[in-house]
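Top line first, the protein sequences correspond to chains P and X.
For the first sequence, position 84 matches number 93 in the numbering used here, and the numbering has no gaps at all.
For the second sequence, position 501 matches number 506 in the numbering used here, and the numbering has no gaps at all.
What follows is a set of notes on a single structure, which appears directly below.
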Amino acid sequence: MTAPGTIAGSRAALPPAQAPGRRKVLLVGTLFVIAAGTVLIGALLAGYFSARDMVQAAGEPWPPEEVLLPNVPLFMGYLTLLMSSFTAQWAVSAITGRDRRQMYVAIGLTLLLGLAFVNALSFSWSQLGVAAESSRFATTMFAVTVTHLLVVIAAHLGFVVMGFRALGGQFSPDNREFVVSAAAFWHFSVAAGLVVWYCIWFLEGGP
Amino acid sequence: MTMTETRPEPPGTDSAAVVPPVAPPPPAGLAGWLTTYDHKVIGRLFVVTSLLFLVVGGGAGAVLGVERIDSGLQVLGEGTFAQVYTLHGEVAVLLFLVPFFLGLATYLVPLQVGAAGIAFPRGSATAYWAYLVSGLTLFGAYAADGGIDGGSAVGTDLYLLSLAMLALATSLALVSILTTAVALRAPGMSMVRTPLFTWSMVVGGGLTLLATPVLLGRLIELYILNHFGGDVAAVGAFGQIAWFWSLPQVYVLAVPAMGVALEIVPVLSRARLRRHVSGIAVIGFSGILGFGAWAQVESTFDDTLYVLAGLVAVLPALALLGLLGDSVRRGGFARKAPLLLALGAAVHLFLGALAGGISVIPGLELGGTVWAAAQVHYTLYGGATLAAFAALWYWSPKLWGVHLSDGAGTAVFLLTFWGAVLLAAPDLLNGLSDQTLMATDLDEEGLATILNGASAAGGAFGVLGVLVAVTATLGAAAGRGTRALADPWEANTLEWATTSPPPPHNFDGTVLAVTSAAPLADEREHARGPAPSQETR
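See the structure below:
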């Protein structure tokens, strides 16, 4: 029977254990979150298309005829979101190259572009002029776009924390896992946004 | 197994990313619970809370059983019956079964992989408190006439929000567990060498992480619909939630139960699996077959793939029985409570898979009948819950530092095993005579009444078993029981290489290098000298 708290100590003469490789705990966790987020957005889109099939099978228009999609602000909003993906990756490149000033600029620009997207989406919702309960289109559309907005806001939180930690002197080329993870989640929020834009706004009569 | 005193860090390694923060000694009492981020305390909180919820869920099930005996409603009103019916399923699965295994894994996975802590301790703590608050909110929502069949829109909002918070808490806890299993394993512990409970959490937890967001998506849509005045019952809301504990998702929920049985039986029968990888394969195969329940709609029930998957699902359950039976045959049967409970769980998992396999046979038309309830009860109550009790009795030395009473464990086995048989078997017969789920009016009162009475008696036995298990566990949590040694079972995996219960940093001063799936067994064999070693790789 093994004594409490010990493992038999007779193996000391054997060769030492091989050192483990670098383990990116935060990045692995972020990838799991991204996997779950991908399924979430996929499930909501599946619900949207399922509702669309049922409504169209009943001979009703989708979206309802009174709905006028504000295509220009929507397109500009999602284009802005796409641009933010480049600035997010710029932050990673900057810290890899030890350029802290560029990193600050990249973080600031990313947050700015993200906020511009939030503003554009809010404006587009107001232009749609539909209430959530008014039709199946409105219910499912709001379910998808509000959830995506929450994902974008979560990505903002990651970048805000990263900004403060960067200002506090943290991160270096050898210690940039948080930056890489936050950027990965940001890219996910952008990719999800593009899929949402294509499936909902573009397919329903975009530019 | 090889050991070194310190693990050399490769150049440029960010040590903060390698070793998770080690929890400081927590303050005593309630403050300690509220502020802790020691994965062991969080795991214990999950386990005890889920057991308390099980008492409520089991009680609700017993009331439903009594209500079903005769035609018409005797105890509950029409609306209340539907509410209790949905509450029973939600509590049993979402507030007991899933959180129990989350708690067990939060406690055990870091120990089994040789880590000093869990990957995201604050995430796990947040998940626990979100689980507790959402569980209590769920009861509040039902009390406010919420729920799927509730009359209060505000109550239904609250109900949907509580389930959504539960889904988020589950996902958060899973991310922490999975990251620990993937990124914090001891040197030499490849994924194929991971302990089978940890592997079952990687498979079952990974698939649940991919299924829970689907449930969350449905809940978001239902919430928006309900909040703005829509009728959630009209869009089949309960069906959009209940798939989470229906065929084939039940097999995913039962995967950790397979891991528990495959950990316990070889240790207590003193015969390691002939090949560790066979346990890995059985668990993996079972998980694959259970994935995709969310994709099914009624029209898929006749699809060849659905029928084939249902029939093939019997195979991993049969293989599980074969592996465990082989261990017992080679090692011998020791009448210990964890062994009885684990073997009982495996038998019920097989019966559940068999019932599921029969239910998909075209022409029998068993969908929508109480046959489905029997299948779920065999799998989740007789199988997974019995495995949960087996885990409590087996890992009690690690969880609480004391042994649970073997006599109480045997009583729990008898009550739960035979209770589950009595609960589910009559429903198989009633299912064949087309008694539908949630039916309160019976066509053939004579036989159906007798069978429903037998089923209700089985439920009552089950509730008694739950009460004995919960009482024994609460006693152990309070420190009552025989003090346990570090490795009282002469087990194989790393959680037994430390004290019972472990110190805050899990392991004292040694870093373990693993060269097989059973490092402690290797240690013992090495200490005893050369002997024919059984294959474990």
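Each residue gets a CB set at the ideal place from its N, CA and C atoms; glycine is no exception.
Since this is a predicted model, take the numbers as computed values, not measurements.
Secondary structure at P/Asn184: strand, using DSSP grouped into helix, strand and coil. Chain X has a Cβ within less than 7 Å of the Cβ of P/Gly38. Secondary structure at X/Ala276: coil, using DSSP grouped into helix, strand and coil. Spanning the alpha carbons of X/Leu92 and X/Gly62 requires a straight line of approximately 7 Å. CA-to-CA, the gap between X/Phe58 and P/Cys208 works out to about 41 Å. The residue from P/Val160, P/Ala147, P/Phe197 and P/Arg107 with its alpha-carbon nearest to that of P/Val76 is P/Ala147. Residues of the region 137-156 of chain P that bring their beta carbon within less than 7 Å of a beta carbon in chain X comprise Ala140, Ala141, Glu142, Thr148, Thr149, Phe151, Ala152 and Thr156, in sequence order. When CB distances to chain P are screened at a threshold of 7 Å, the residues of the region 228-262 of chain X falling below it are Ile229, Leu230, Phe233, Gly234 and Gly235, in chain order. Assigned with DSSP and collapsed to three states, X/Ala124 falls in coil, not helix or strand. Annotation: the continuous alpha helix (DSSP H) that includes P/Phe146 extends over Arg145 to Leu176. The criterion of a C-beta distance shorter than 7 Å is not satisfied by X/Met196 and X/Val519. Bounds of the alpha helix (DSSP H) holding X/His353 are Ala342 to Ser364. From the listed residues X/Gly77, X/Ala496 and X/Gly387, the smallest Cα separation to X/Leu354 is found for X/Gly387.
When DSSP states are grouped into helix, strand and coil, X/Val61 belongs to the helix group.
Judged by DSSP in its simplified three-state form, X/Thr41 adopts coil rather than helix or strand. Residue-level contact check: X/Glu530 does not touch chain P, since none of the beta carbons of chain P fall below 7 Å from its beta carbon.
Under the DSSP definition of a beta bridge, X/Arg488 partners with X/Val407. Neighbours of P/Gly167 in chain X, taken as residues whose beta carbon is under 9 Å from its own, are absent, since the nearest beta carbon is some 14 Å off.
The beta carbon of X/Leu69 lies closer than 7 Å to those of Val89, Tyr90 and His93 in the same chain, with the five residues before and after it left out.
Using a CB distance below 9 Å, the part of the region 205-224 of chain X facing chain P consists of Gly211, Leu214, Leu215, Ala216, Thr217, Pro218, Val219, Leu220, Leu221, Gly222 and Arg223, ordered along the chain. With respect to the C-alpha of X/Ala178, the residue from X/Ala110, X/Leu230, X/Ala33 and X/Thr161 having the closest C-alpha is X/Ala110.
The DSSP assignment places complete alpha helix (DSSP H) segments of no fewer than 4 residues inside the region 188-243 of chain X at 201-232, in order along the chain. Taking 8 Å as the Cβ-Cβ cut-off, the region 72-101 of chain P has no residue approaching chain X.
In the same chain as X/Gly373, and ignoring 5 residues on each side of it, the C-beta atoms closer than 7 Å to its own belong to Thr441 and Leu442, in chain order. A contact is defined here as three or more CB-CB pairs under 8 Å, and the region 92-107 of chain P fails this definition with respect to the region 143-160 of chain P. The way I'd put it, the region 55-71 of chain P doesn't touch the region 175-185 of chain P; fewer than three beta-carbon pairs between them come closer than 8 Å.
Positions of the alpha helix (DSSP H) runs, each at least 4 residues long and wholly inside the region 51-123 of chain X, are given as 83-95 and 103-117 in order along the chain.
Nearest C-alpha to X/His382 among X/Ser401, X/Arg190, X/Pro218 and X/Gly361: X/Gly361. With respect to the C-alpha of X/Leu456, the residue from X/Trp423, X/Glu370 and X/Ala429 having the closest C-alpha is X/Ala429. Counting C-beta pairs closer than 8 Å gives fewer than three between the region 204-224 of chain X and the region 127-139 of chain X, which falls short of the contact rule. The C-alpha of X/Arg277 is placed about 5 Å away from the C-alpha of X/Pro271. If you draw a straight line from the Cα of P/Ser135 to the Cα of X/Val96, it is about 40 Å long. Minimum Cα-Cα distance from P/Leu203 among the listed residues P/Met92, P/Gly117, P/Arg107 and P/Leu124 corresponds to P/Met92. If you look at X/Gln380, you'll find it in the alpha helix (DSSP H) that goes Val375 to Val381. When beta bridges are read from the DSSP output, X/Thr441 appears opposite X/Thr374. The CB of X/Leu183 comes closer than 9 Å to the CB of Val37, Gly38 and Phe41 in chain P, given here in chain order.
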